[in-house]
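Peer 1: Next up is a structure, given as structure tokens.
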Amino acid sequence: MTSSTGAGAAARPRKTISRRLFVGGAALGLAAPAVLRSGAAVAAYPDRPLRIVVANSPGGPSDIIARIVAAALQDQMGGTIYVENKGGGGSNIGMGHVARAEPDGTTILLATSAYVVNPSLYDTLPYDPFKDFSAICELATSPNVFAVKPELGVSTMKEFVALAKKSPEKFNVSVPPVGTTPQLEAEVLKSIEGLQGMATVPFSGGGEALKALLGGTVQLSSGVLAPAHPYIKSGAVKALAVTGERRWHDLPEIPTMVEAGYPGFVFETYTALLAPAGTSPDFVARMEKETLALLAKPDMREKLTKSGFEVQAKTGKQHMERVAREIPMFRDVITKAGIKMKS
Numbered sequence: 001m002t003s004s005t006g007a008g009a010a011a012r013p014r015k016t017i018s019r020r021l022f023v024g025g026a027a028l029g030l031a032a033p034a035v036l037r038s039g040a041a042v043a044a045y046p047d048r049p050l051r052i053v054v055a056n057s058p059g060g061p062s063d064i065i066a067r068i069v070a071a072a073l074q075d076q077m078g079g080t081i082y083v084e085n086k087g088g089g090g091s092n093i094g095m096g097h098v099a100r101a102e103p104d105g106t107t108i109l110l111a112t113s114a115y116v117v118n119p120s121l122y123d124t125l126p127y128d129p130f131k132d133f134s135a136i137c138e139l140a141t142s143p144n145v146f147a148v149k150p151e152l153g154v155s156t157m158k159e160f161v162a163l164a165k166k167s168p169e170k171f172n173v174s175v176p177p178v179g180t181t182p183q184l185e186a187e188v189l190k191s192i193e194g195l196q197g198m199a200t201v202p203f204s205g206g207g208e209a210l211k212a213l214l215g216g217t218v219q220l221s222s223g224v225l226a227p228a229h230p231y232i233k234s235g236a237v238k239a240l241a242v243t244g245e246r247r248w249h250d251l252p253e254i255p256t257m258v259e260a261g262y263p264g265f266v267f268e269t270y271t272a273l274l275a276p277a278g279t280s281p282d283f284v285a286r287m288e289k290e291t292l293a294l295l296a297k298p299d300m301r302e303k304l305t306k307s308g309f310e311v312q313a314k315t316g317k318q319h320m321e322r323v324a325r326e327i328p329m330f331r332d333v334i335t336k337a338g339i340k341m342k343s
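If you count by UniProt numbering, then the sequence shown holds residues 1 to 343, one letter each, in order.
And the structure:
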């Protein structure tokens, strides 16, 4: 179940995976040729605003990093960059929206691990992970965290499990959308510990899932570290374990799940930028160069680290290598956990 990567009610994806033609060689700032796209060619960013679509609701990790990166890229490149949230359908709505967007250099996707999880989770998808996008770059990863309210009176994962086993029907766990790594790890934990009676409550975003814990609606939260980090530091919630390969740098007292007695229990959520296939290769290359340069700046790395992310700046090619590696890996995790969503 080892993973190095992270979607509500499921949407109704279209019944066939789209097959967008890749158009190479277009000059920077031009839309795809009219033979493939209607309308006249128009200028790309920065001459026109750039929209970063986040396939989840506001307040979650993908939304947090999208807004940090958008603001910094706008300062670095000029022009206007804004974030638009299109959550729902296990992230399929937002990802499908960008897959069908005009490849004119004005729309890109902020993807999470749902990009590689959903191909094994849903029977049909509104996007093809290999054909419908041109990868720009990978941004950062964040470990997940299991957390409770301090009032519950438990300090470790094993203590929580022992308490929940007494009356599992009285316990539930909040997770971000189906298909995210926090949702998968919650199901894996339930399978390992025989806690199938504990209900999983999915929300349309990580921020909303965390609010359910803060409001006392659920007893356990499985989510990405980034949105939970300030609440852990303030003592509003108690982290039982992180799911990364090592302890988080400024939360040294919180063990990993492996240290907590769960061998191989490593789940992380990654974030990456992708453009619709057919977008000018020059635009994609420029965005890759500018974003990687931004991520190399010490102040940006420090800001993301303080927000709960570990910078893992990788090229678009390296991201697609991750996609090719992790789609079958998550297929194995999903099959073993017996998880499946109807499209």
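We treat Cβ as the ideally placed atom computed from N, Cα and C, and that holds for glycine.
#1: Ignoring anything shorter than 4 residues or poking outside the region 102-179, list the alpha helix (DSSP H) runs there in chain order.
#2: Hey, could you find the ends of the beta strand (DSSP E) Ile52 is sitting in?
#3: Indicate the three-state DSSP secondary structure (helix, strand or coil) for Gln76 in the structure shown.
#4: Tell me whether Ala209 is buried or exposed, calling it buried when 16 or more other Cβ atoms sit within 10 Å of its Cβ.
#5: Given 8 Å as the limit, is there contact between the region 276-285 and the region 102-110, that is, 3 or more CB pairs closer than that?
#6: For the region 190-236, list the beta strand (DSSP E) runs that are entirely contained and at least 3 residues long, ordered along the chain.
#7: Apart from the five residues on each side of it in sequence, which residues of its chain come closer than 6 Å, Cβ to Cβ, to Gly316?
#8: Give me the DSSP bridge partner(s) of Val311.
#9: Take the Cβ of Phe130 as the centre, count every other Cβ of all protein chains shown within 10 Å, and call the residue buried at 16 or more, exposed below.
#10: Would the beta-carbon of Ser222 fall within 8 Å of that of Asn144?
#11: In the DSSP assignment, the alpha helix (DSSP H) including Ala99 goes from what residue to what residue?
#12: Give me whichever residues DSSP pairs with Ala241 in a beta bridge.
#13: Just tell me which of Lys238, Phe309 and Leu304 has its CA closest to the CA of Val154.
#14: Secondary structure at Ile334, three-state DSSP: helix, strand or coil?
#15: Which stretch, first to last residue, makes up the alpha helix (DSSP H) that contains Ala285?
#16: Report the three-state DSSP secondary structure of residue 378 (helix, strand or coil).
Peer 2: Based on what the coordinates show:
#1: For the region 102-179, whole alpha helix (DSSP H) runs of length 4 or above, ordered along the chain, are 114-121 and 157-166.
#2: Segment Leu50 to Val54, the beta strand (DSSP E) holding Ile52.
#3: In the displayed model, Gln76 falls within a helix according to three-state DSSP.
#4: Ala209 comes out buried.
#5: Note that the region 276-285 touches the region 102-110; at least 3 beta-carbon pairs, one per stretch, sit closer than 8 Å.
#6: Listed in chain order, they are 199-202 and 220-224.
#7: Closer than 6 Å at Cβ, skipping near neighbours: Ala135, Ile136, Cys137 and Glu288.
#8: Paired residue(s): Ala140.
#9: For Phe130, the number of other beta carbons within 10 angstroms of its own is below 16, and it is reported as exposed.
#10: It is a contact, given that the beta carbons lie within the stated cut-off.
#11: For Ala99, the enclosing alpha helix (DSSP H) stretches over residues Asn92 to Ala99.
#12: In DSSP, Ala241 forms a bridge with Phe146.
#13: Of the candidates Lys238, Phe309 and Leu304, the one whose C-alpha sits nearest the C-alpha of Val154 is Lys238.
#14: Helix.
#15: Counting along the chain, the alpha helix (DSSP H) containing Ala285 begins and ends at Pro281 to Leu295.
#16: What the structure shows of the chain is the stretch from 1 to 343, and residue 378 is not part of that stretch, so it cannot be assessed.
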